[in-house]
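To keep things clear, I will list the structure first and then write my remarks on it.
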Amino acid sequence: MEGTKEKEHLLALKVMRLTKPSLMPYHPLISDTRDLQGELLHGIQESDIAQPSGVPYFGLGDLLTLPQNFGNIFLGETFSSYISVHNDSTQQCRDITLKIDLQTTSQRLMLSGADVPATDELGPDQSIDDVIHHEVKELGTHILVCAVSYTTNNYEKMAFRKFFKFQVLKPLDVKTKFYNAESDEVYLEAQIQNITPGPIYMDHVSLEPSSQYLCTPLNNTEGKDQKEMVFGKVNYLNPMDIRQYLYCLVPKPEVIKQNKVMKGVTDIGKIDIVWKTNLGERGRLQTSQLQRVAPGYGDIKVTLEETPDSVVLESSFNIICRITNCCERTMDLTLTLQNNQPSGLLWTGISGRQLGKLAPKENLDLRLTLIATIPGLQTISGLRITDNFLKRTYEHDELASVFIYNDSNP
0 MEGTKEKEHL
10 LALKVMRLTK
20 PSLMPYHPLI
30 SDTRDLQGEL
40 LHGIQESDIA
50 QPSGVPYFGL
60 GDLLTLPQNF
70 GNIFLGETFS
80 SYISVHNDST
90 QQCRDITLKI
100 DLQTTSQRLM
110 LSGADVPATD
120 ELGPDQSIDD
130 VIHHEVKELG
140 THILVCAVSY
150 TTNNYEKMAF
160 RKFFKFQVLK
170 PLDVKTKFYN
180 AESDEVYLEA
190 QIQNITPGPI
200 YMDHVSLEPS
210 SQYLCTPLNN
220 TEGKDQKEMV
230 FGKVNYLNPM
240 DIRQYLYCLV
250 PKPEVIKQNK
260 VMKGVTDIGK
270 IDIVWKTNLG
280 ERGRLQTSQL
290 QRVAPGYGDI
300 KVTLEETPDS
310 VVLESSFNII
320 CRITNCCERT
330 MDLTLTLQNN
340 QPSGLLWTGI
350 SGRQLGKLAP
360 KENLDLRLTL
370 IATIPGLQTI
380 SGLRITDNFL
390 KRTYEHDELA
400 SVFIYNDSNP
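176 is the number that numbering that gives the first Met the number 0 gives to position 177 of the sequence shown; each next residue is one higher, with no gaps.
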């Protein structure tokens with residue numbers, strides 16, 4: 000028994016990816032004019048259309064070539080495709096519909112054909128053309144599904160589908176590091192690595208902070224307001240190159256006023272990256288919400304709000320010390336200043352001072368005085384705070400560094 004033969008369709012479907020062209024490579028043939036084949040090779044080289052003008056031995060010509068294969072598709076790029084339904088037969092076709100879907104690992108997207116009415120007639124050698132654009136937002140396998148349905152002259156309804164599978168690759172590798180300052184400032188370092196096979200131009204890299212923070216980029220030369228980047232005027236990344244971007248985040252005043260102690264996990268923001276390839280194809284990536292775990296300060300947090308950078312030897316100077324109650328109970332505090340540390344800075348003033356009661360999440364500012372005794376880079380240490388309720392003493396050393404210099408004239 001003979002099997003059922005599938006009917007041949009009257010319409011043909013063709014799909015072509017739309018990408019930027021590339022420069023035509025040129026392979027010069029170099030020979031000496033005294034060679035037997037020198038004149039022949041010279042003539043072939045002069046007649047080669049790929050030869051660049053003015054630079055006869057350069058590896059790239061003046062012409063552009065269309066892509067010879069499907070190529071690579073990277074996350075964040077825009078996938079563009081030209082789709083054509085052509086009538087290869089000598090018959091008239093009616094009620095032609097073309098629907099285009101994109102199947103990913105997590106969803107199915109309708110790209111074209113949802114609200115488009117059917118084409119009434121399609122004569123021989125005529126075609127229906129469509130161009131689709133889709134910003135790729137998922138990694139992994141993607142399947143382009145093209146479904147065509149039509150009616151023949153015999154009022155027979157025909158339909159067929161074609162599938163085009165392609166992989167979406169990762170273009171950039173982004174790693175982040177957080178550095179906590181003595182205050183509530185947070186420094187974010189973003190390491191961006193180009194893992195594509197070709198160089199890319201870094202058009203825009205920025206940090207979009209969350210509603211809790213204010214962001215200051217630290218990637219410009221000669222101040223924060225300059226537009227020129229520290230990376231130079233030629234702002235591109237070669238394959239496997241890594242670049243670091245630095246940002247400073249400060250909690251908004253209203254956030255500090257409401258939450259005087261930053262605890263737990265807080266949202267920092269998102270990194271937005273825009274790049275271009277050699278011939279201007281644009282790609283864009285945005286990271287997920289970056290989160291930072293606030294450092295644990297224990298029951299008491301001590302920060303220096305005002306400290307001089309340098310001090311003359313054998314002179315006194317003042318600092319402003321802020322004490323914050325980070326626990327959930329009221330504390331009765333006593334301040335003790337210890338000078339037995341091997342440091343070139345000595346405390347002056349009353350030690351054992353009663354600071355009184357400090358409610359939870361509240362802070363207290365103190366003006367303290369030190370005297371510089373040894374030149375060099377010295378650290379401020381020896382601050383002791385005792386909770387009289389629990390009879391517990393909190394030791395705070397290496398709060399800040401001050402440079403001590405000798406200003407005496409010989």
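Ideal Cβ positions, reconstructed from N, Cα and C, are used throughout, including at glycine.
Nearest to residue i (by Cα), restricted to the options the options
i: N193; options: Q337, C326, K169, T302; result: K169
i: S210; options: S314, Q290, G197; result: Q290
i: I267; options: E184, L312, D129; result: E184
i: I318; options: S400, P198, I373, V173; result: S400
i: L424; options: N338, G70, G53, P66; result: The structure shown does not extend to residue 424, since the chain is modelled only from 0 through 409, so no value can be given for it.
i: G78; options: R16, G60, L138, D47; result: The residue asked about is misnamed: residue 78 is Phe in this sequence, not Gly. The residue with the shortest Cα to Cα distance from F78 is R16.
i: L236; options: Y200, C214, Y244; result: Y200
i: P123; options: N152, E361, L206; result: N152
i: D129; options: I384, S315, V115; result: V115
i: I99; options: E137, I142, D396; result: I142
i: F159; options: E137, T195, V84; result: V84
i: V167; options: G375, S182, E134; result: E134
i: N444; options: I272, L121, V311; result: Because the chain spans 0 through 409 in this model, residue 444 falls outside it and cannot be assessed.
i: N339; options: D271, K356, S380, T195; result: S380
i: K300; options: Q190, L382, G343, L138; result: L382
i: P198; options: A180, F230, N234, T18; result: N234
i: D298; options: N362, T265, L344; result: N362
i: F163; options: K13, L9, D364; result: K13
i: L121; options: F73, V144, Q91; result: Q91
i: L63; options: P24, F165, L303, Y244; result: P24
i: K174; options: I191, L248, G60, S52; result: I191
i: D172; options: C325, T195, T18; result: T195
i: R321; options: L354, E327, M157; result: L354
i: Y244; options: I272, L110, Q50, E304; result: I272
i: V54; options: T140, L110, N71, P27; result: P27
Buried/exposed call for residue i, threshold 16 Cβ in 10 Å
i: T347; result: exposed
i: P252; result: exposed
i: K4; result: Residue placement at K4 is flagged as unreliable, the pLDDT there being 43, under the threshold of 50; a coordinate-derived value is accordingly withheld.
i: V147; result: buried
i: Y81; result: exposed
i: M330; result: buried
i: T240; result: One detail in the question is off: residue 240 reads as Asp in this sequence, not Thr. So D240 ends up on the exposed side.
i: N219; result: exposed
i: F57; result: exposed
i: Q106; result: exposed
i: L10; result: buried
i: L213; result: exposed
i: G282; result: buried
i: E394; result: exposed
One or two residues paired with residue i in a DSSP bridge
i: D202; result: In the DSSP output, where bridge partners are listed per residue, D202 has none listed.
i: Q190; result: K174, Q243
i: S309; result: F402
i: P238; result: Partner(s): none; P238 has no beta bridge.
i: G268; result: P208, L289
i: C214; result: L248
i: A371; result: L344
i: Y393; result: I384
i: L334; result: R352, I384
i: M228; result: N219
i: V301; result: I322
i: G282; result: E76, W274
C-alpha distance - residue i paired with residue j, whole-angstrom precision
i: Q288; j: T276; result: 26 Å
i: L187; j: G112; result: 45 Å
i: Y246; j: P307; result: 25 Å
i: T96; j: I131; result: 15 Å
i: S88; j: F69; result: 28 Å
i: Q102; j: T286; result: 23 Å
i: E1; j: E7; result: Only weak support is given to the placement of E1: the predicted model assigns it a pLDDT of 41, under 50, and the question is left unresolved by the model.
i: N408; j: T335; result: In this predicted model, N408 has a pLDDT of only 49, less than 50, meaning its place in the structure is not dependable; the value taken from the coordinates is given anyway. So the two alpha carbons sit approximately 37 Å from each other.
i: R391; j: L332; result: 10 Å
i: L284; j: V229; result: 22 Å
i: A180; j: L389; result: 29 Å
i: A358; j: S309; result: 35 Å
i: E227; j: A189; result: 19 Å
i: I370; j: I403; result: 10 Å
i: T118; j: D94; result: 5 Å
i: E137; j: L74; result: 6 Å
i: L398; j: T378; result: 7 Å
i: F165; j: T18; result: 15 Å
i: N86; j: S52; result: 43 Å
i: V249; j: T372; result: 35 Å
i: I29; j: L278; result: 30 Å
i: H203; j: L376; result: 40 Å
i: S342; j: T368; result: 15 Å
Identify every run of the beta strand (DSSP E) within the segment 117-164, keeping only runs that are complete inside it and at least 3 residues long; order them along the chain. Fully enclosed beta strand (DSSP E) runs of 3 or longer: 118-121, 126-134, 139-150.
Please give me, in chain order, every unbroken run of the alpha helix (DSSP H) with length at least 4 that falls completely inside the segment 82-111. Entirely contained in the segment 82-111, not one alpha helix (DSSP H) run reaches 4 residues.
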